[in-house]
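Numbering (our numbering), first residue to last: 231 to 366.
In this text, a Cβ means the ideal position worked out from N, Cα and C, and glycines have one as well.
Here is the structure:
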């Protein structure tokens, strides 16, 4: 169990590190992205808003779904690595996209969505206790 928890934590911290790197590169104007036209920005914003609204409750309640919970109880570590990565990706990947869109458009909505997704990550942190509780 400890090895699975360490792998999940390394992935979790690695992608948060990438997010911090993107923010540093964006704030220092090292990362230069092409600008977006008005309609493309609008569509990206709506898609990311819907994505954020959907993935937060889904990731928080994923392990409470009966089918997923039964798989976690039966297969324990093998299932935990699979479903744990899936759960974290539900929050981390849209957060990374929001950061990129923010620096591409400088629209505060993308920044706010990235912050909301970042704060949601604290509820799926792969700590030792949480990993043990998830497979009970």
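query	result
Thinking C-alpha only, which one of 360, 342, 309 and 351 is nearest residue 243?	351
Indicate the three-state DSSP secondary structure (helix, strand or coil) for residue 357 in the structure shown.	coil
For the segment 288-327, list the beta strand (DSSP E) runs that are entirely contained and at least 3 residues long, ordered along the chain.	none
Measuring only the C-alpha atoms, how far is residue 253 from residue 304?	40 Å
Can you grab the Cα-Cα spacing for the pair residue 359 / residue 267, in whole Å?	47 Å
Using a Cβ-Cβ cut-off of 7 Å (strictly less than) and excluding sequence neighbours within five positions of residue 356, which residues of its own chain qualify?	235, 238, 239, 242 and 314
Helix or strand or just coil, what does DSSP make of residue 343?	helix
With a threshold of 16 other CB atoms inside 10 Å of the CB of residue 270, please say whether the residue is buried or exposed.	exposed
Does the distance from the C-beta atom of residue 354 to that of residue 231 stay below 9 Å?	no
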